[in-house]
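K.L.:
Before we start, here is the structure in question, set down as structure tokens.
There are 2 protein chains.
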Amino acid sequence: MSSAVGKSNQRREQILIKAMEMFGQVGYRGASLRDIATRVGMTHPGLLYHFQSKAELLEAVLARWDQRDLAYYKILESSDPMKQIEGLLANIAANINTRGMVELFVTLAGEATDPSHPAHDYFWQRYCGWLARTEQVIWALKAEEKLSKEVNPAILAREFVALMEGLQMQWLYFPDEVDVVRILCDHVNEFLIEPIDCSLDFYALAREYAQQAEAGEP
Amino acid sequence: MSSAVGKSNQRREQILIKAMEMFGQVGYRGASLRDIATRVGMTHPGLLYHFQSKAELLEAVLARWDQRDLAYYKILESSDPMKQIEGLLANIAANINTRGMVELFVTLAGEATDPSHPAHDYFWQRYCGWLARTEQVIWALKAEEKLSKEVNPAILAREFVALMEGLQMQWLYFPDEVDVVRILCDHVNEFLIEPIDCSLDFYALAREYAQQAEAGEP
């Protein structure tokens, strides 16, 4: 890579990081390319060289997010359902490690409920994906007779995703009071014959997964 | 009331309704007074006569919201805990009846996680109130030995509020698939010795409560 390309990529990366931060703080509609440019220390036309519109910048932010999560899901696929639940909890711990990502999520997801929002279809699909993956894990637990009661996997998946999201929201308002991962872990144990060990360090597990994902394993 | 005052109040009301709609669609930071004025069919200075700033308009929107809910809570206070739960579910049904209010809530609550947002303290307090009220109902159920299992009321309240919010969010994306009130009612029954009748028409109950609240009863 020539040093000019390297420098351009670095600039692009800086813009992306600042855009994530600002979308999380003031929302997509509240943020302006001009403000983002100023915060990165560049001119508005300078920024337009990298991203031609705010919508293009939003797309890049969402793609970056998908990239992180996809690596994650790949790891999850190869494990048994109990490990998958641990993986889900680690994924949430990874969010909690990056407050900006959680802010970005709740702000954009809230804004994008409006069908004319440029990220509406993205979030619609994202919810579909979460619900489907969670439901799949529950069906697998059911098939392996690991559930302690009769459940409706589709409804339980809805509840899990809703709980995850609602607790993250509360955590943003009361960061010292809400232990999102712990509450979710205890909630999951209500349905499991053999409980998950909720004293597990899901934050360490998240870091481990992130390293594996970066190294392209397994 | 003179007709000039009446007309001014009517104008104020129109602005308020349009502001609620726009804050719900594009967020507080994405909405401009100029746009709101245009949509109400008045000039920007004309709007400023009624609300001197966007923050003042936001305050009026939030106050309106409180007013509706306060009337509700007053009714709830006078009932036994089982009736209070029915009241909570009716309150959620009332939200579902006004999609714009739910949109307004998720958009503003998401934006306002940023501590510098003008509605941050408002939402902080609102969450505190919800959590406290829900916890109080659970303690009352416990005292009357109506719970079917050992629970931690503070955690259960957190879960209920999180679930309520997360399900409303999913409902905004999948309005035909998510029956928020039904899922919450079934969830509550997991903890009750004598279950609530989830086939109750909570939407009709919500209308009944609203009429009582308007009439200043009980």
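Line by line, the protein sequences give chains A and Y.
Counting with my numbering, you get residues 474 to 691 for the letters of the first sequence.
Counting with my numbering, you get residues 474 to 691 for the letters of the second sequence.
Where is the CB? At the ideal position from N, CA and C, for every residue including glycine.
As the structure is a computational prediction, the values presented were derived from the model and not from experiment.
(1) Output, in chain order, the set of chain A residues within a Cβ distance shorter than 7 Å of GLN498 (chain Y).
(2) Give the list of continuous alpha helix (DSSP H) stretches no shorter than 4 residues that lie fully inside the stretch 546 to 585 of chain Y.
(3) For the stretch 529 to 548 of chain Y against the stretch 644 to 664 of chain Y, do three or more pairs of beta-carbon atoms, one drawn from each stretch, fall closer than 8 Å, so that the two count as touching?
(4) When DSSP labels each residue in this structure, what does LEU673 (chain Y) get in the three-state scheme?
(5) Along chain A, which residues have their Cβ under 7 Å away from the Cβ of TYR646 (chain Y)?
(6) So with CB distances below 8 Å, who are the chain A contacts of ILE628 (chain Y)?
(7) How far does the alpha helix (DSSP H) with HIS590 (chain A) in it extend, from its first residue to its last?
(8) Using the Cβ count rule (16 or more neighbours within 10 Å means buried), how would you classify ALA585 (chain A)?
(9) Do the stretch 490 to 507 of chain Y and the stretch 484 to 503 of chain A meet, that is, are 3 or more Cβ pairs less than 8 Å apart?
(10) Got a sec, what are the start and stop residues for the alpha helix (DSSP H) SER481 (chain Y) sits in?
(11) Against chain A, with Cβ distances strictly below 8 Å, would GLN643 (chain Y) count as a contact?
(12) Step through the CB atoms of chain Y and report whether any lies within less than 8 Å of the CB of ARG502 (chain A).
(13) Given a threshold of 16 other Cβ atoms within 10 Å of its Cβ, counted over all protein chains shown, does CYS658 (chain Y) qualify as buried or as exposed?
(14) Nearest CA to the CA of ARG606 (chain Y): which residue from Y:ILE569, Y:LYS547, Y:LEU577 and Y:SER476?
(15) Can you give me the C-alpha to C-alpha distance between VAL579 (chain A) and SER476 (chain Y), rounded to a whole angstrom?
(16) What number of angstroms, rounded off, separates the C-alpha of ALA686 (chain Y) from the C-alpha of TYR545 (chain Y)?
(17) Should LEU640 (chain A) and ALA635 (chain Y) be called a contact, given that it needs their Cβ atoms to be closer than 8 Å?
(18) Assess contact between the stretch 485 to 493 of chain Y and the stretch 475 to 489 of chain A, defined as three or more Cβ pairs (one per stretch) separated by less than 8 Å. Is contact present?
(19) Run through chain A and tell me which residues come within less than 8 Å of ARG631 (chain Y), C-beta to C-beta.
(20) Please list, in chain order, the residues of the stretch 553 to 578 of chain Y that have any C-beta partner in chain A closer than 7 Å.
(21) What's the C-alpha gap between GLU617 (chain Y) and ARG631 (chain Y)?
(22) If you draw a straight line from the alpha carbon of PRO691 (chain Y) to that of PRO554 (chain Y), how long is it in whole angstroms?
(23) For MET493 (chain A), which of A:ASN625, A:LYS480 and A:ARG512 has the nearest alpha-carbon?
(24) On the three-pair Cβ rule with 8 Å, is the stretch 673 to 680 of chain Y touching the stretch 583 to 598 of chain Y?
(25) Apart from the five residues on each side of it in sequence, which residues of its chain come closer than 8 Å, Cβ to Cβ, to ILE509 (chain A)?
(26) With 16 as the cutoff for other CB atoms within 10 Å, does GLY583 (chain Y) come out buried or exposed?
(27) Enumerate in chain order the residues of its own chain whose CB-to-CB distance from ASN662 (chain Y) is below 8 Å, with the five nearest sequence positions on each side excluded.
(28) If contacts are defined as beta-carbon pairs under 8 Å, then ALA592 (chain Y) and LEU678 (chain Y) qualify, I think. What distance do you get, rounded to the angstrom?
(29) Are the C-beta atoms of THR580 (chain A) and some chain Y residue less than 8 Å apart?
(30) When you compare only the Cα positions, how much space is there between ILE656 (chain Y) and ILE628 (chain A)?
(31) Is it the case that the Cβ atoms of ILE565 (chain A) and MET637 (chain A) are separated by a distance below 8 Å?
(32) So is GLY514 (chain Y) in contact with chain A if we call contact Cβ pairs under 8 Å?
(33) Is any beta-carbon of chain Y found at less than 8 Å from that of ALA635 (chain A)?
(34) If we ignore side chains and look at the alpha-carbon of each, how far apart do LEU665 (chain Y) and LEU561 (chain Y) end up?
(35) Hey, how far is the Cα of HIS660 (chain A) from the Cα of PHE633 (chain A)?
P.N.:
Put simply:
(1) ASP587
(2) List check, alpha helix (DSSP H) in window: 554 to 570 and 572 to 584.
(3) no
(4) When secondary structure is reduced to three states using DSSP, LEU673 (chain Y) falls in the coil class, being assigned neither helix nor strand.
(5) THR586, PHE596, TRP597 and TYR600
(6) ILE656 and ASP659
(7) From DSSP, HIS590 (chain A) is part of no alpha helix (DSSP H); its letter is neither H nor E.
(8) buried
(9) yes
(10) 476 to 499
(11) yes
(12) yes
(13) buried
(14) Y:LYS547
(15) 45 Å
(16) 6 Å
(17) Against a cut-off of 8 Å, the Cβ pair of ALA635 (chain Y) and LEU640 (chain A) comes out as a contact.
(18) Counting Cβ pairs under 8 Å, fewer than three are found: no touch.
(19) LEU640, GLN643, VAL651 and ILE656
(20) GLU576
(21) 21 Å
(22) Bear in mind that a pLDDT of 48 at PRO691 (chain Y), under 50, signals an unreliable position, so the number given afterwards is only what the model happens to contain. Answer to the nearest angstrom: the Cα atoms are 17 Å apart.
(23) Among A:ASN625, A:LYS480 and A:ARG512, the Cα nearest to that of MET493 (chain A) belongs to A:ARG512.
(24) no
(25) Non-local beta-carbon contacts of ILE509 (chain A) in its own chain, meaning distances under 8 Å to residues more than five positions away in sequence, involve ILE488, LYS491, ALA492, MET495, LEU520 and LEU530 in chain order.
(26) buried
(27) Hits under 8 Å: PRO668, ILE669 and CYS671.
(28) ALA592 (chain Y) to LEU678 (chain Y), Cβ: 29 Å. No contact.
(29) yes
(30) When the Cα atoms are used, ILE656 (chain Y) and ILE628 (chain A) turn out to be separated by approximately 8 Å.
(31) yes
(32) False, the Cβ-Cβ gap to chain A never drops below 8 Å.
(33) Judged by the 8 Å Cβ criterion, ALA635 (chain A) is in contact with chain Y.
(34) 15 Å
(35) 9 Å
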